[in-house]
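In the working numbering, the protein residues as written are 193 to 365.
Where is the CB? At the ideal position from N, CA and C, for every residue including glycine.
Remember, predicted model here, so these are calculated numbers, not experimental data.
Read through the structure below, which is laid out as structure tokens, and then see the notes.
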């Protein structure tokens, strides 16, 4: 039964084309490179509007509890309505960890796109003390939500580029 207090979740808006996915994931890698220039770990996220063209927010990694994706989702939630965010897409070249996936969910972002998996990140970084990855795929998080967040990824063309950047960064740490 649906009444005025029970939200409905329409489709997430326009589906991104493959070209848009590649362009936005590459931009998230550009944001990750900016994070490295600022002395942070190489992770970046962008929020794209319902038209799949307009970049609304960019966020680089800050620290181990203020990841690019979760920080972006919190900022988005304070600046846009839940209804609007449901039709937006969060792009990040590295699969969101369970914290970031949960934050995107609670912010009401309707679609998440990633390039490489958390498992690929672990392979690229090794058992690095500064990057203790978790074996909890974002798919698991989203499959256990009450709202149907769309998840797209991994994207092999971006995975290769991102793995190379991650390996180079972590090898020098």
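Query	Result
Rounded separation between residue 248 and residue 327 - CA only	30 Å
C-beta contact flag for residue 350 and residue 305 at 7 Å	no
Contact set for residue 251: own chain, Cβ-Cβ below 6 Å, skip 5 residues either direction	237, 260, 263 and 264
Candidates 336, 268 and 364: closest to residue 322 by CA position	364
Test item: CB-CB of residue 253 and residue 227 under 7 Å	yes
Reference residue 243, options 209, 316, 229 and 318, closest by Cα	209
CA-to-CA distance, residue 246 to residue 206, given in whole angstroms	12 Å
Inter-stretch contact at 8 Å, needing at least 3 Cβ pairs: the segment 272–291 / the segment 211–228	yes
Own chain, CB closer than 8 Å to residue 290, minus 5 neighbours either side, in chain order	326, 328, 330, 332 and 333
Residues near residue 267 by beta carbon distance below 8 Å, same chain, minus five either side	249 and 251
Segment contact flag, the segment 351–359 with the segment 307–323, C-beta cutoff 8 Å, min 3 pairs	yes
Residue 333 - DSSP class collapsed to helix/strand/coil	helix
Contact set for residue 295: own chain, Cβ-Cβ below 6 Å, skip 5 residues either direction	262 and 265
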